[in-house]
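Engineer: This is the structure I want to talk about, given as structure tokens.
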Amino acid sequence: MVSAAAGVPRIGDPAPAFELPNQYGETVRSGDLAGAPAVLVFYPFAFSRVCLGELDELAALQPQFRTAGARLLAVSCDPKYSLRAWAAEQGWDFDLLSDFWPHGAAARSYGVFQEDRGMAARASFIIGVDNTVKEILRSDLDMPRSPGDYVRALADLSSVERS
Numbered sequence: 028m029v030s031a032a033a034g035v036p037r038i039g040d041p042a043p044a045f046e047l048p049n050q051y052g053e054t055v056r057s058g059d060l061a062g063a064p065a066v067l068v069f070y071p072f073a074f075s076r077v078c079l080g081e082l083d084e085l086a087a088l089q090p091q092f093r094t095a096g097a098r099l100l101a102v103s104c105d106p107k108y109s110l111r112a113w114a115a116e117q118g119w120d121f122d123l124l125s126d127f128w129p130h131g132a133a134a135r136s137y138g139v140f141q142e143d144r145g146m147a148a149r150a151s152f153i154i155g156v157d158n159t160v161k162e163i164l165r166s167d168l169d170m171p172r173s174p175g176d177y178v179r180a181l182a183d184l185s186s187v188e189r190s
């Protein structure tokens, strides 16, 4: 279940709803995240070089995610079976969500699905406890997003959520 596509949400907009299986087949619903911040990281494909580097960097930032109380959710259009193999191979302990079927529905609802390529663009949405978009991080397909931008966004999120 995802909300209707309406373009990329703006900062301050409600985060579009989603319901996706993780790499273990467990359903992760946006509604279940209420009351805690989340970082929704769309990436093109599992097992690709740039995506591997990005998710490795995010795995290394897990202490900062925990300090901010934020849940890391990485989303691609790959099937859950591929995501499970990739997470196991890399030793990652965060959720990899499968936007495989209906193909790219969550990416579409966030306005980042590339119809001509059948994949999500490289975009991250920092979502606050009030389920609004607090920040958006984007980069070109062949360029990773900066780990420093995540650290800064998490620090900003923590200071805003505490006030």
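Quick note: the sequence shown uses this note's numbering, first residue 28, plus one each step.
Using N, Cα and C, we set each Cβ at its ideal position, and we do this for glycine too.
1) Could you please give the first and the last residue of the uninterrupted beta strand (DSSP E) stretch that includes Asp1?
2) Helix, strand or coil, according to DSSP, for Ala65 in the structure here?
3) Do the CB positions of Ala73 and Leu110 come within less than 8 Å of each other?
4) Nearest CA to the CA of Val102: which residue from Gly131, Val178, Ile163, Asp59?
5) Is it buried or exposed, Met146, if we count other Cβ atoms within 10 angstroms and call 16 or more buried?
6) For Pro48, I'd like the list of residues in its chain whose CB is within less than 8 Å of its CB, leaving aside the five on either flank, ordered along the chain.
7) Pick helix, strand or coil for Pro71, following the three-state DSSP scheme.
8) Where does Asp122 land, buried or exposed, given buried means 16+ other C-beta within 10 angstroms?
9) Hey, quick one: how far does the beta strand (DSSP E) through Thr191 stretch, first residue to last?
10) Identify which residue in Leu82, Leu99, Ala150, Ala182 has its Cα closest to the Cα of Ala134.
11) Can you name, in chain order, every residue of its own chain whose Cβ lies under 6 Å from the Cβ of Ser185, other than the five neighbours on each side?
12) Going by DSSP, what residue range makes up the beta strand (DSSP E) through Arg98?
13) Short check: CB of Phe92 to CB of Leu181, under 8 Å?
14) Please look up how many angstroms separate the CB atoms of Tyr137 and Val35, rounded, as I've assumed it's under 8 Å.
15) Take Ser75 as the anchor and find which of Met170, Leu99, Leu60, Gly175 has the nearest alpha-carbon.
16) Quick check on this structure: which residue in Glu142, Gly80, Tyr177, Tyr70 has the alpha carbon closest to the alpha carbon of Lys161?
17) Note down the Cα distance separating Leu60 from Arg172, rounded to an integer number of angstroms.
Structural biologist: This is what the structure gives:
1) In the structure as shown, the chain begins at 28 and stops at 190. Residue 1 is therefore absent and cannot be evaluated.
2) Reading the sequence shown from its first residue, position 38 is the one you call residue 65. In this structure, Ala65 counts as strand in the three-state DSSP scheme.
3) Locating residue 73 in the sequence shown gives position 46, where the first residue counts as 1. Locating residue 110 in the sequence shown gives position 83, where the first residue counts as 1. In this structure, Leu110 lies closer than 8 Å to Ala73 by Cβ.
4) The count along the sequence shown starts at 1 and reaches residue 102 at position 75. Among Gly131, Val178, Ile163, Asp59, the Cα nearest to that of Val102 belongs to Gly131.
5) Residue 146 sits at position 119 when you count from the first residue of the sequence shown. The residue in question, Met146, is buried, as its Cβ has 16 or more Cβ neighbours within 10 Å.
6) As a position in the sequence shown, residue 48 is number 21, starting the count at 1. The beta carbon of Pro48 sits closer than 8 Å to the beta carbons of Thr54, Val55, Lys107, Leu124, Ser125 from its chain, once the five residues preceding and following it are set aside; these are given in chain order.
7) Against the sequence shown, residue 71 aligns to sequence position 44. Reduced to three states, the DSSP call for Pro71 is coil.
8) Taking the sequence shown and counting its residues from 1, the one referred to as residue 122 is at position 95. Flag for Asp122 reads buried.
9) There is simply no residue 191 to check, as the chain begins at 28 and stops at 190 in what is shown.
10) Taking the first residue of the sequence shown as position 1, residue 134 is located at position 107. Restricting attention to Leu82, Leu99, Ala150, Ala182, the CA atom closest to the CA of Ala134 is found in Ala150.
11) Taking the sequence shown and counting its residues from 1, one reaches residue 185 at position 158. Closer than 6 Å at Cβ, skipping near neighbours: Ala95.
12) Start at 1 with the first residue of the sequence shown, and residue 98 comes out as number 71. Per DSSP, the unbroken beta strand (DSSP E) holding Arg98 starts and ends at 98-103.
13) Start at 1 with the first residue of the sequence shown, and residue 92 comes out as number 65. Start at 1 with the first residue of the sequence shown, and residue 181 comes out as number 154. Contact flag set, yes.
14) To locate residue 137, count along the sequence shown from 1; it is residue 110. To locate residue 35, count along the sequence shown from 1; it is residue 8. The Cβ separation is near 7 Å, so the contact holds.
15) Residue 75 sits at position 48 when you count from the first residue of the sequence shown. The shortest Cα separation from Ser75 among Met170, Leu99, Leu60, Gly175 belongs to Met170.
16) For this step, residue 161 is matched to residue 134 along the sequence shown. Answer by Cα proximity: Tyr177.
17) The residue given as residue 60 occupies position 33 in the sequence shown. The residue given as residue 172 occupies position 145 in the sequence shown. A direct Cα-Cα distance of roughly 24 Å separates Leu60 from Arg172.
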